[in-house]
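Accompanying notes for the structure given below.
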Amino acid sequence: MEAINELELRRLLKNRPSAHELSSSLIKIILNPSLPWSEKRSAWHLLYLTGRESTLAQALTQCLKGKFRVPLDLFIQICADRKLKPTPIVTAALIKGLRKQSSQEEVFAVRAWDRNDDRLRKMRMELLERKVTEQKKYREDLLEKFNFLQSQRMHEQAARVLRRMLELYPDDREFLKLKAEFDENLGPRSDRRPYVIAKKR
39 MEAINELELR RLLKNRPSAH ELSSSLIKII LNPSLPWSEK RSAWHLLYLT GRESTLAQAL
99 TQCLKGKFRV PLDLFIQICA DRKLKPTPIV TAALIKGLRK QSSQEEVFAV RAWDRNDDRL
159 RKMRMELLER KVTEQKKYRE DLLEKFNFLQ SQRMHEQAAR VLRRMLELYP DDREFLKLKA
219 EFDENLGPRS DRRPYVIAKK R
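The sequence shown lines up with residues 39 to 239 when you count with this note's numbering.
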């Protein structure tokens with residue numbers, strides 16, 4: 039489930055609100071047009087996690103009628119909790135909504151309808167393949183940038199890039215080998231102080 043905005047949660051719970059007050063506060067967040075989706079999404083998930091499914095269903099209905107963005111993963115989960123099976127038309131509309139909202143990643147969070155329709159599983163696989171491709175390209179870009187900085191003897195900048203590479207891919211053998219070679223090549227010499235890749239604290 040979505041991580042709840044910690045500061046917002048503290049603010050809501052600071053005065054120990056009643057169940058009704060908490061629900062009302064969350065609904066206000068959901069319906070506030072000036073708030074970013076990340077905060078609204080946290081409010082949606084807090085409603086679900088605290089068992090306020092009736093309030094959640096009403097909010098979903100209201101937002102769908104008003105053509106406001108809703109967390110479609112929760113829509114799937116609530117329907118599954120009620121043993122409601124989607125028709126092909128409903129699934130097609132859901133997929134259209136996911137694409138329109140650019141929220142395809144939400145299908146990673148819930149798989150309750152996979153048995154009823156294969157299209158959501160296929161969407162998840164397509165998204166996963168795209169993410170893998172993007173990660174491979176990002177890795178290659180980092181390596182290319184590091185090699186360029188090395189060739190230009192821009193050692194401090196290269197060290198920062200290498201540190202980022204190892205943070206993202208700590209078990210990558212190629213990057214670990216580069217780190218060892220980098221340390222060896224920039225080891226202490228009589229005319230130069232040793233250079234160490236600083237670790238983030």
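Cβ coordinates follow ideal geometry from the N, Cα and C atoms, glycine included.
Best match in the options for proximity to residue i [C-alpha to C-alpha]
{"i": "D179", "options": "Q190, M203, K215 and D111", "result": "M203"}
{"i": "Y207", "options": "I133, Q173 and M163", "result": "Q173"}
{"i": "S72", "options": "F106, R211, Q139 and I116", "result": "F106"}
{"i": "V148", "options": "D119, Y176 and I127", "result": "D119"}
{"i": "T99", "options": "L87, Y86, T88 and F113", "result": "F113"}
{"i": "R201", "options": "L214, R191 and A130", "result": "L214"}
{"i": "E327", "options": "V170, N154, D221 and E144", "result": "As shown, the chain starts at 39 and ends at 239. That puts residue 327 outside it, with no answer to give."}
{"i": "T125", "options": "L187, D155 and P109", "result": "D155"}
{"i": "E212", "options": "M192, F184, K121 and Q190", "result": "F184"}
{"i": "W75", "options": "Q190, Q96, Q115 and S140", "result": "S140"}
{"i": "K121", "options": "A197, G104 and R153", "result": "R153"}
Residue environment, residue i, which counts as buried when at least 16 other CB atoms sit within 10 Å
{"i": "T93", "result": "buried"}
{"i": "A81", "result": "buried"}
{"i": "D111", "result": "buried"}
{"i": "K78", "result": "buried"}
{"i": "V199", "result": "buried"}
{"i": "N223", "result": "exposed"}
{"i": "E219", "result": "exposed"}
{"i": "H58", "result": "exposed"}
{"i": "L158", "result": "buried"}
{"i": "E67", "result": "The sequence shown places Ile at residue 67, not Glu. Buried, by the Cβ-count rule."}
{"i": "W151", "result": "buried"}
{"i": "V145", "result": "buried"}
{"i": "Y86", "result": "buried"}
{"i": "A131", "result": "exposed"}
{"i": "Q115", "result": "buried"}
{"i": "Q190", "result": "exposed"}
{"i": "Q188", "result": "buried"}
Inter-residue CB distance, residue i and residue j (contact presumed, cutoff 8 Å)
{"i": "S61", "j": "R90", "result": "6 Å"}
{"i": "L64", "j": "L84", "result": "6 Å"}
{"i": "V108", "j": "C101", "result": "5 Å"}
{"i": "E182", "j": "L165", "result": "That belief does not hold up - the Cβ atoms of E182 and L165 are roughly 26 Å apart, past 8 Å."}
{"i": "I127", "j": "M161", "result": "The pair is not a contact, with the Cβ atoms about 17 Å apart (cut-off 8 Å)."}
Limits of the unbroken alpha helix (DSSP H) element including residue i
{"i": "E144", "result": "Careful: E144 lies outside any alpha helix (DSSP H) and carries neither H nor E."}
{"i": "F213", "result": "R211 to N223"}
{"i": "Q190", "result": "From DSSP, Q190 is part of no alpha helix (DSSP H); its letter is neither H nor E."}
{"i": "R79", "result": "W75 to L87"}
{"i": "G104", "result": "No alpha helix (DSSP H) contains G104, which DSSP labels as neither H nor E."}
{"i": "P71", "result": "It is not in any alpha helix (DSSP H) - P71 carries neither H nor E in the DSSP assignment."}
{"i": "K138", "result": "P126 to K138"}
{"i": "D111", "result": "L110 to D119"}
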